[in-house]
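Visitor: Before we start, here is the structure in question, set down as structure tokens.
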Amino acid sequence: MTTPKSVLERAFALLAVFTADRSAMTLSELSRRSGLPLSTTHRLVAALVELRALTRDARGRYSVGLRLLELGALSPSSLDLRDRALPFLEDLYEVTRHNVQLAVRDGLDAVYVERISARDAVNVVTRVGSRMPLHCTGVGLVLLAAAPARVQEEVLAGPLRRFTPRTVVRPRDLRAALARVRRDGYAISDRQIEMITCSVAAPVRDANGEVVAAVSVVVPASTSRDTVVPAVRACGLTISRVLGWGVEP
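In my numbering, the protein residues as written are 148 to 396.
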């Protein structure tokens with residue numbers, strides 16, 4: 148990563164260090180992880196707090212502020228999609244009673260824009276706004292299979308992160324998996340993220356037939372997929388029709 152030069156680049160460098168695992172950090176941690184001098188970090192953090200982009204707790208740790216969450220929720224690419232998809236995601240949840248997720252591709256990651264979960268459903272590591280690699284999640288495989296060739300080749304060039312012993316990390320195996328997704332119209336990520344879960348995912352298309360999102364259900368690894376696969380595919384097709392795919396002009 149090149150050293151940020153403008154004030155805006157430095158501010159984004161600071162914000163980019165926050166992750167699901169590191170949601171709150173001290174000033175010195177922000178400075179160290181962003182690579183910015185402590186004095187520069189102090190000035191930028193003070194400004195971001197004033198703008199409500201960051202908040203400071205009683206222990207002196209900083210976290211993402213409500214203003215950023217408000218702005219993120221207004222993203223046209225996710226707002227319209229989420230609003231249109233939500234009724235059908237809720238239907239899918241009622242049918243399966245397991246974690247239902249909606250994700251879009253951003254670069255080499257799948258970004259989760261909606262999730263519906265049950266208290267007694269199997270645990271998942273994702274949340275709204277979190278990112279996961281494309282090569283090993285159900286939604287990621289769907290999005291990667293439909294991505295431009297240059298994106299696929301960049302992912303295949305690796306390195307491919309391993310989460311469990313079953314994570315696909317060999318380019319040859321990943322190419323085969325993507326070919327199956329394109330052939331079958333859905334993806335199954337079997338114990339690739341956690342050894343207790345399996346994700347079944349299907350594409351969501353826009354009016355032009357382009358895959359703009361993926362919907363998935365995360366179930367216990369022992370769950371039969373006979374009913375889960377048709378339900379997920381039906382959800383993806385229904386959302387696609389709402390977005391204009393297959394509808395006569």
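Virtual Cβ for every residue (Gly too), placed ideally from N, Cα, C.
1) Starting from the C-beta of V275, find all residues in its chain whose C-beta is less than 7 Å away, skip the five residues before and the five after it, and write them out in chain order.
2) How many angstroms separate the CA atom of E357 from the CA atom of P295?
3) When the Cα atoms are used, what is the spatial distance from P377 to E241?
4) Does the distance from the C-beta atom of V366 to that of H189 stay below 8 Å?
5) What number of angstroms, rounded off, separates the C-alpha of T370 from the C-alpha of V164?
6) Cα separation between V271 and A381?
7) Would you tell me roughly how many angstroms separate the C-alpha atoms of A171 and R206, rounded to the nearest one?
8) Could you tell me the distance, in whole angstroms, from the CA atom of M148 to the CA atom of V196?
9) Find the nearest neighbour of D398 within the set A160, W392, I335 and L291, judged by alpha-carbon distance.
10) What alpha helix (DSSP H) runs, 4 residues minimum, are completely inside the region 282-349?
11) Could you please give the first and the last residue of the uninterrupted beta strand (DSSP E) stretch that includes L155?
12) With a cut-off of 8 Å on the beta carbons, I'd call V302 and L288 a contact; round off their distance for me.
13) Taking the DSSP output, what are the residues bridged to I263?
14) Per DSSP, what kind of secondary structure is R203 in: helix, strand or coil?
15) When you compare only the Cα positions, how much space is there between V379 and V247?
16) Is the Cβ-Cβ distance between A250 and A360 less than 8 Å?
17) Under three-state DSSP, which class holds R208?
18) How big is the Cα-Cα spacing for P396 and L228?
19) Would you kindly check if the distance between the Cβ of V315 and the Cβ of V347 is under 8 Å?
20) On the CB-based measure, 16 or more other CB atoms within 10 Å of its CB, does P306 come out buried or exposed?
21) Between the alpha carbons of A326 and L161, how many angstroms are there, rounded?
22) Just tell me which of T243, L255, D253 and R278 has its CA closest to the CA of D267.
23) Which class does P184 belong to by DSSP, given the choice of helix, strand or coil?
24) Within 10 Å of its beta-carbon, does I343 have 16 or more other beta-carbons around it, so buried, or fewer, so exposed?
25) Take D337 and list the residues in its own chain whose beta-carbon comes closer than 6 Å to its own, dropping the five residues that flank it on each side.
26) With DSSP run on the structure shown, which of helix, strand or coil describes P396?
Guide: Walking through what the data contain:
1) Its chain contains Y259, V260, E261 and R262 as the residues whose beta carbon lies nearer than 7 Å to that of V275, once the 5 sequence neighbours on both sides are disregarded; these appear in chain order.
2) Looking at the two C-alpha atoms, the distance is approximately 11 Å.
3) Rounded to whole angstroms, P377 to E241 spans 14 Å at the Cα level.
4) Contact flag unset, no.
5) Their backbone Cα atoms lie some 37 Å apart in a straight line.
6) Their Cα atoms are separated by approximately 23 Å.
7) Straight-line spacing of the CA atoms in A171 and R206 works out to 10 Å.
8) Model confidence at M148 stands at a pLDDT of 46, short of 50, so the residue's coordinates are unreliable and nothing is read from them.
9) Only positions 148 to 396 of the chain appear in this structure, which leaves residue 398 out of reach.
10) Within the region 282-349, the alpha helix (DSSP H) runs of at least 4 residues that lie entirely inside it are, in chain order, 285-292, 296-303 and 318-331.
11) Not the beta strand (DSSP E): L155 falls in the alpha helix (DSSP H), residues V154 to L162.
12) For a cut-off of 8 Å, the C-beta gap from V302 to L288 is around 11 Å, too long to register as a contact.
13) Bridge partners of I263: V247.
14) R203: strand per DSSP, three-state reduction.
15) Spanning the two alpha carbons is a distance of roughly 9 Å.
16) Yes, Cβ-Cβ distance for A250 and A360 is below 8 Å.
17) In the structure shown, R208 falls within a coil segment according to DSSP collapsed to helix, strand and coil.
18) Confidence in P396 is poor, its pLDDT being 49 and thus under 50, which makes the residue's placement unreliable; the coordinate value appears in the next sentence. Near 20 Å, if we compare the C-alpha coordinates of L228 and P396.
19) Pairing V347 with V315 gives a Cβ-Cβ distance that is not under 8 Å.
20) By the neighbour-count criterion, in which 16 or more other beta carbons inside 10 Å mark a residue as buried, P306 falls on the exposed side.
21) Rounded to whole angstroms, the separation of the alpha carbons of L161 and A326 is 39 Å.
22) Closest by alpha carbon: T243.
23) Residue state, collapsed to three classes: coil.
24) By the neighbour-count criterion, in which a residue is buried when 16 or more other Cβ atoms sit within 10 angstroms of its Cβ, I343 is exposed.
25) Closer than 6 Å at the Cβ level, and outside the excluded window around D337, lie C345.
26) Since pLDDT at P396 reaches only 49, below the 50 mark, its modelled position is unreliable, and no value is offered.
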